[in-house]
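**Student:** Following the working numbering, the numbering of the sequence shown begins with 3 at its first residue and continues without gaps.
Built from N, CA and C at the ideal position, the CB exists for glycine as well.
Quick caveat, the model's predicted, so the values are computed rather than measured.
One structure is given below, represented as structure tokens, and several questions about it will come after.
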Amino acid sequence: VELQHVLVDSCAMRLIQRPTDFDVIVTENTFGDILTDEASMLAGSLGLLPSASLGEPGAVGIYEPIHGSAPDIAGKGIANPYATIFSAAMLLRHSLGLDEEAATVEAAVYAVLDDGVFTADLAAKGFAVSTAAATDAVLAKLQ
Numbered sequence: 003v004e005l006q007h008v009l010v011d012s013c014a015m016r017l018i019q020r021p022t023d024f025d026v027i028v029t030e031n032t033f034g035d036i037l038t039d040e041a042s043m044l045a046g047s048l049g050l051l052p053s054a055s056l057g058e059p060g061a062v063g064i065y066e067p068i069h070g071s072a073p074d075i076a077g078k079g080i081a082n083p084y085a086t087i088f089s090a091a092m093l094l095r096h097s098l099g100l101d102e103e104a105a106t107v108e109a110a111v112y113a114v115l116d117d118g119v120f121t122a123d124l125a126a127k128g129f130a131v132s133t134a135a136a137t138d139a140v141l142a143k144l145q
């Protein structure tokens, strides 16, 4: 394992220039929020990235999408559920030790994305599905 201490502004620049240089970034919350929002654009959307706040081994973790609760779009059926589902997979893996089940959930989301089931943050204009439709597509893959 190679450890580097990097200033956050330099890290932000390098994250865009050479994202594959990074496997794990450990930082405090404010800088982590900024860097994960930036990195989400490499994946295509904030709606794709899960997050975990972990402490000591065996301690309870907190799992959530990096975009948080997004109250401005609550109840409109336009939220991307994939990061929330990926966060649940992280919970299965890291807190419950259910690696196979986590991989199954992740594979279901990837299959739905491969099928072109995109919410408004990812879809071409006029081709978006609702939050419920995206979630139902993942559930169908898990059946």
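Between the segment 77-90 and the segment 46-64, do three or more beta carbon pairs fall short of 8 angstroms?
**Tutor:** Yes, the segment 77-90 touches the segment 46-64.
**Student:** Given a threshold of 16 other Cβ atoms within 10 Å of its Cβ, counted over all protein chains shown, does L141 qualify as buried or as exposed?
**Tutor:** Looking at its Cβ environment, which holds fewer than 16 other Cβ atoms inside 10 Å, L141 is exposed.
**Student:** Could you tell me which of G118, A41, P73 and E102 sits nearest to Q19, measuring between CA atoms?
**Tutor:** Among G118, A41, P73 and E102, the Cα nearest to that of Q19 is on A41.
**Student:** Which residue wins for smallest C-alpha separation from A105, given the options S89, F120 and D116?
**Tutor:** If we check each option's Cα against that of A105, S89 comes out closest.
**Student:** Please report the straight-line C-alpha distance between V3 and T22, rounded to a whole angstrom.
**Tutor:** About 15 angstroms.
**Student:** Taking the alpha helix (DSSP H) that S12 belongs to, which residues open and close that run?
**Tutor:** V10 to Q19 is the extent of the alpha helix (DSSP H) around S12.
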